[in-house]
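Beneath this line is the structure, given in structure tokens, with notes to follow.
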Amino acid sequence: MAIAYANISNIYINSEQEDLAFESLKMATRLFERTQNYFRISESYISYSKLYLKKGEMQKAYESIQMAIEAIDKEGNSYMGPKTLAHSSIQLVLGQVLLKMDSLQQSEKALLKCFDLSKENNFYNNSSLAARNLSSLYKTMGKWQTAFKYLETSIEFSNISRNDEKLNRLAKKELDYTIEKQKRKQQIMLLEQKNEQTRNYWLLATGVCFRPCL
């Protein structure tokens with residue numbers, strides 16, 4: 002149920018229905034906290050921070066991302082891959098918030114941490130977003146050459162991310178086709194078995210009917 006609320010909140014976030022997204026997030030977070038699912042709690046607070054960032058409420062966005070950090074630090078090593086992605090996303094959003102708050106050096110530190118972590122782990126989308134935000138940061142700092150370099154890097158990772166998504170979609174289609182093919186094969190086998198049973202029943206019935214009477 003909690004994951005369902007979290008998924009619904011993401012739909013509302015993508016459709017820019019912030020108020021409805023907040024309501025779903027509150028329900029999801031409350032349920033995750035009951036089960037002490039710190040990984041999911043962290044994801045919820047990352048989403049909170051993104052929403053506050055959209056609304057221009059920087060202090061609340063900053064507080065939410067700090068809550069995300071606290072939650073993910075309580076998570077064990079069972080979610081090591083997703084946990085690394087969560088750390089990457091936290092540093093990305095933290096960097097974005099600090100950039101809006103004009104804390105340029107702290108923003109640079111967070112965004113570089115996100116970029117390095119994402120690049121190392123092939124998180125192409127986060128790599129692209131971190132590079133794009135670094136480009137904006139360096140432009141604000143007047144470092145035009147560095148800003149241009151990160152803009153190019155952002156475009157490069159964005160293209161890789163799109164290609165990766167295409168490959169994932171193709172792989173999913175191939176998997177769906179294989180599963181559907183197996184289902185049809187099973188259906189045909191079941192139908193053949195039923196036909197064989199019907200044939201046997203018919204032969205048995207006709208055998209009884211035409212048996213000579215003594």
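According to the working numbering, the sequence shown is numbered sequentially starting from 2.
Ideal placement from N, C-alpha and C gives every residue a C-beta, glycine not left out.
Whole-angstrom C-beta distance between residue j and residue i, which should lie under 8 Å
i	j	result
LEU152	ASN134	So it is not a contact: roughly 11 Å between Cβ atoms.
ALA62	VAL98	5 Å
Contact check, residue i vs residue j, beta carbons under 8 Å
i	j	result
ALA29	SER50	no
THR249	ASN122	Past the edges of the chain, shown from 2 to 215, lies residue 249, and the structure says nothing about it.
LEU52	SER89	no
ILE47	ILE66	yes
LEU105	LEU138	yes
ALA87	GLU24	no
PHE131	PHE149	Looking at the sequence shown, residue 131 is not Phe but Ala. Not a contact, by the Cβ cut-off of 8 Å.
Separation of residue j from residue i, as counted between CA atoms
i	j	result
TYR39	GLU193	51 Å
ILE189	ARG200	16 Å
THR36	GLN92	25 Å
GLU58	MET102	10 Å
ASN127	LYS27	25 Å
PHE158	SER129	5 Å
LYS140	TYR13	32 Å
ASN160	GLU17	25 Å
TYR125	ARG185	37 Å
ALA3	LYS56	24 Å
ASP20	ASN8	15 Å
GLY143	GLN60	26 Å
GLU76	GLU109	26 Å
ASP74	LYS195	57 Å
GLY96	GLU64	13 Å
TYR6	PHE33	10 Å
MET68	ASN15	22 Å
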